[in-house]
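A.B. asks: Position one of the sequence shown corresponds to residue 40 (my numbering), numbered consecutively onward.
Before I ask anything, here is the structure I am working with.
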Amino acid sequence: MSVAEEFSRLYGYEPEGVWEAPGRVNLIGEHTDYNDGFVMPFALPHTAVAAFGRRTDTAVRAHSADLPGEAVVVSDPAPGASAGWADYVAGVVWALRDAGHAVGGVDVHLSSTVPTGAGLSSSAALEVVVALALNDLFSLGLERQQLARLCQRAENVYVGAPTGIMDQTASACCTAGHALFLDTRDLSRRQVPFDLASLGLRLLVVDTQVEHAHSEGEYGKRRAGCEAGAAELGVTALRDVPVAELPAALDRLSSDEVRALVRHVVTENDRVERVIALLDAGDVRAIGPLLVEGHASLRDDFRVSCRELDLVVETAVAAGALGARMTGGGFGGSAIVLVEDTLADQVTKAVTEAFAAAALTEPRVFTAVASAGARRI
Ligand code: ADP
Ligand code: MG
């Protein structure tokens, strides 16, 4: 049954429309988005699809085909009143209203193919599909970047997850065949050609299916460490430390822990710029070593990798991949692997066998094609 048909069955009337928003993977630029730095995500073909109808009151009624249970009703969306997964829906309604936009109540039925908790931003897909639908239904006239900002506020304030702006911007603003270069300081962005199929290349996503406990606390510690580093260096954010000045900056820091965090962020921003230069020059294969370098930095300096992610990267590269790295926040989730089309099966097999040999859960592997951002369908 389609999302629209299921909506009608659930709520007893036809939806006014159906919208869709993708998950994302980040090609390069990890843990930079809360340091005013650079990121480079692209949208996945996996999307959250949702049917909407306006209500005559101000309540939000939401149902997910992917979860058992009745529709969740949030009669007065406000931070602190947790309704579980429906917070991602009610939170966006709240954020729009809180910003002064006239948004009434809605009924929502959704279904998503974005794997949850895999570092592929199923949460942002959900938020953005809601924001885009509300923007259309209530004729708000907001730009996509403004919608992304309000989705981030929903996630930060309503859901209570201290995430940056990358995920929501990617879901709202990506275009097919491109990676999105985003400067998280001024939110300037550029679509950078990233059409691998025409070059005989492939990008694999390997979902380790590992969801590490305590990742939020660890994320908070890294954030605080980055802020401490910026304060010690007298800059607004680590973005303001040019890579050429890194050695001098490291000398001025008081602890090895902060030194390692600063080194990751500064070199990672530089890697994003180098990847863009290579993509612009059409030299896509040459980004492989930068992916591997980025992974080593996340593993050794930022310390957000885990055994499974390291295993993907090591095995893939040993089996002939051009490059690989963990993607997303870390502590589990997914890795990406850049590989020649002709070697994709061989690399997938090597990774799967390595996981079996280590008695780990079989990872899910799929090809990620840079896809379109959110849209009405
Ligand atoms: P990620 O964004 O990396 O997938 P998050 O923890 O940020 O992980 O978001 C996952 C959460 O988003 C889920 O626990 C759930 O609350 C919500 N969510 C995502 N997809 C769906 C869905 N299809 N139906 C209901 N809730 C969903
Ligand atoms: Mg998320």
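For each residue, glycine too, the CB sits at the ideal point set by N, CA and C.
Since the structure is predicted, the reported quantities are computational estimates derived from the model, not experimental observations.
Roughly how many angstroms lie between the CA atoms of residue 80 and residue 158, to the nearest whole one?
C.D. replies: To locate residue 80, count along the sequence shown from 1; it is residue 41. To locate residue 158, count along the sequence shown from 1; it is residue 119. The straight-line gap from Cα to Cα measures roughly 12 Å.
A.B. asks: Nearest to residue 401 by alpha carbon, out of 239, 249, 282?
C.D. replies: The count along the sequence shown starts at 1 and reaches residue 401 at position 362. Checked all of 239, 249, 282; the closest Cα to residue 401 is 249.
A.B. asks: Put residue 226 into one of helix, strand or coil per three-state DSSP.
C.D. replies: Locating residue 226 in the sequence shown gives position 187, where the first residue counts as 1. It is coil, neither helix nor strand.
A.B. asks: Could you name the residues of the same chain whose beta carbon sits closer than 7 Å to that of residue 336, not counting the 5 residues immediately before and after it, in chain order?
C.D. replies: As a position in the sequence shown, residue 336 is number 297, starting the count at 1. Within the same chain, residue 336 has close Cβ partners 303, 306, 307.
A.B. asks: Which complete alpha helix (DSSP H) runs does the region 168-242 hold, if anything under 4 residues is left out?
C.D. replies: Whole alpha helix (DSSP H) segments, 4+ residues: 183-192, 205-212.
A.B. asks: Helix, strand or coil: which one does DSSP assign to residue 394?
C.D. replies: The residue you call residue 394 lines up with position 355 of the sequence shown. In the structure shown, residue 394 sits in a helix (DSSP, three-state: H, G or I).
A.B. asks: So, with DSSP's three-state summary, where would you put residue 425?
C.D. replies: Because the chain in this structure spans residues 40 to 416, residue 425 falls outside the shown range and cannot be described.
A.B. asks: Considering only residues of the region 312-383, which uninterrupted alpha helix (DSSP H) runs meet the minimum length of 4 residues and lie entirely inside it, listed in chain order?
C.D. replies: Whole alpha helix (DSSP H) segments, 4+ residues: 327-335, 346-357.
A.B. asks: Check for me: the alpha helix (DSSP H) holding residue 132 runs from which residue to which?
C.D. replies: The count along the sequence shown starts at 1 and reaches residue 132 at position 93. First-last of the alpha helix (DSSP H) with residue 132: 126-137.
A.B. asks: Could you check whether residue 92 and residue 127 sit closer than 8 Å to each other, using their CB atoms as the reference points?
C.D. replies: Counted from its first residue, the sequence shown places residue 127 at position 88. Counted from its first residue, the sequence shown places residue 92 at position 53. No; because the gap between Cβ atoms is not below 8 Å, this pair is not in contact.
A.B. asks: Does the Cβ-Cβ distance between residue 375 and residue 242 come in under 8 Å?
C.D. replies: Walking along the sequence shown from the start, residue 375 turns up at place 336. Walking along the sequence shown from the start, residue 242 turns up at place 203. Result yes, Cβ atoms of residue 375 and residue 242 sit closer than 8 Å.
A.B. asks: Determine the extent of the alpha helix (DSSP H) in which residue 113 is found, giving its start and end residues.
C.D. replies: Counting from 1 along the sequence shown, the entry for residue 113 is found at position 74. Taken as a continuous stretch (DSSP letters only), residue 113 belongs to no alpha helix (DSSP H), being part of the beta strand (DSSP E) at 111-113.
A.B. asks: Got a sec? Which residues, its chain only, sit under 6 Å from residue 403 by beta carbon, not counting five neighbours each side?
C.D. replies: As a working mapping, residue 403 is identified with position 364 in the sequence shown. For residue 403, where only same-chain residues beyond five positions count, the Cβ hits under 6 Å are 246.
A.B. asks: I need the boundaries of the alpha helix (DSSP H) containing residue 288, first residue and last residue.
C.D. replies: Your numbering for residue 288 matches position 249 in the sequence shown. Run containing residue 288: 285-291, per the alpha helix (DSSP H) assignment.
A.B. asks: Under 8 Å by Cβ, that's how I've got residue 196 and residue 118 pegged, so tell me the actual separation to the nearest angstrom.
C.D. replies: Here residue 196 refers to the residue found at position 157 when the sequence shown is read from its first residue. Here residue 118 refers to the residue found at position 79 when the sequence shown is read from its first residue. Yes, residue 196 and residue 118 are in contact; Cβ-Cβ is about 5 Å, under 8 Å.
A.B. asks: To which residues of the same chain is residue 130 closer than 6 Å at the C-beta, ignoring the five residues directly before and after it?
C.D. replies: On the sequence shown, residue 130 is found 91 positions in, with the first residue counted as 1. So the qualifying residues of the chain are 193, 197, 198.
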